[in-house]
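The C-terminal position of the sequence shown is numbered 464 in this note's numbering, with every residue numbered one higher than the one before it.
By construction, the Cβ of each residue, glycine as well, lies at the ideal position given by its N, Cα and C atoms.
A quick write-up on the structure given underneath.
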Amino acid sequence: MNLSPHFTFAELTCSQLAVRRGIDNTPPAPAIERLRLLCLHVLEPVRDRFGPFSPSSGYRSPSLNRLLGSKDNSQHCKGEAADFEIPGIANIEVARWIAGALDFDQLILEFYSPTDPAAGWVHCSYKAVGNRKEILTIGKTGSRFGLPMI
């Protein structure tokens, strides 16, 4: 099933860890609709700008999310968030473009390294109503608001 022209239900719910551990990672209907909105408002525009990519993480069931050590209130569990990288494009470039061009709830540049532009990934979430446009950079030593200056 397609959630948008270029993103499928399978790629936004697939988890090798869930398969290995026998965890059902099927989202409820409201989370599927939120995934569709995330695809239309964030992932499709990013693809249009930078080219094809496949998210590394989309929906996570609460059991899978706990196994990954993430917080219980993670937007991944609501179908509102995806993590991704785009081959050949620095994560900081993708994050800066999203910050300036799209509506989003939270944008996190995770584990970015100025000496290795491919390090880490981009996390972006979208809500149907009330997007905060919160921007964070998270690394090994903690988090801070905004994106790094380069």
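Residue i and residue j closer than 8 Å at C-beta
i, j, result
"R348", "K392", "yes"
"Y373", "L317", "no"
"L352", "A396", "yes"
"E490", "W435", "The structure shown has nothing for residue 490, since the chain only spans 315 to 464."
"V356", "Y440", "yes"
Sequence-distant residues of the same chain with beta carbon closer than 6 Å to residue i, five excluded per side
i, result
"H320", "R361"
"S371", "D397"
Span separating the alpha-carbon of residue i from that of residue j
i, j, result
"L421", "N387", "16 Å"
"S375", "P428", "33 Å"
"T340", "P359", "25 Å"
"L354", "T322", "12 Å"
"G402", "G456", "26 Å"
"N405", "D430", "10 Å"
"A345", "H390", "9 Å"
"M463", "A432", "16 Å"
"G297", "K385", "Not covered by the structure: residue 297. The range shown for the chain is 315 to 464."
"P342", "G365", "30 Å"
"C438", "K454", "19 Å"
"G383", "M315", "29 Å"
Buried versus exposed call for residue i [16 or more other C-beta atoms within 10 Å across all chains shown]
i, result
"E394", "buried"
"L331", "exposed"
"T451", "buried"
"D419", "buried"
Contact belief for residue i with residue j at Cβ below 8 Å, rounded distance in angstroms
i, j, result
"A415", "L461", "That pair is no contact at about 14 Å."
"R446", "L381", "Between L381 and R446 the Cβ distance is about 27 Å, and since that is not below 8 Å, they are no contact."
Own chain, CB closer than 7 Å to residue i, minus 5 neighbours either side, in chain order
i, result
"S368", "E325"
"I449", "A413, L421, F459, G460, L461"
"W411", "R363"
"L378", "S329, L331, A332, I337, N339"
Residue i CB to nearest heavy atom of the ligand FMN below 7 Å
i, result
"P366", "This structure lacks the ligand FMN, and indeed carries no ligand of any kind."
Cβ shell of residue i (< 8 Å), same chain only, five flanking positions each side left out
i, result
"A442", "R348, L351"
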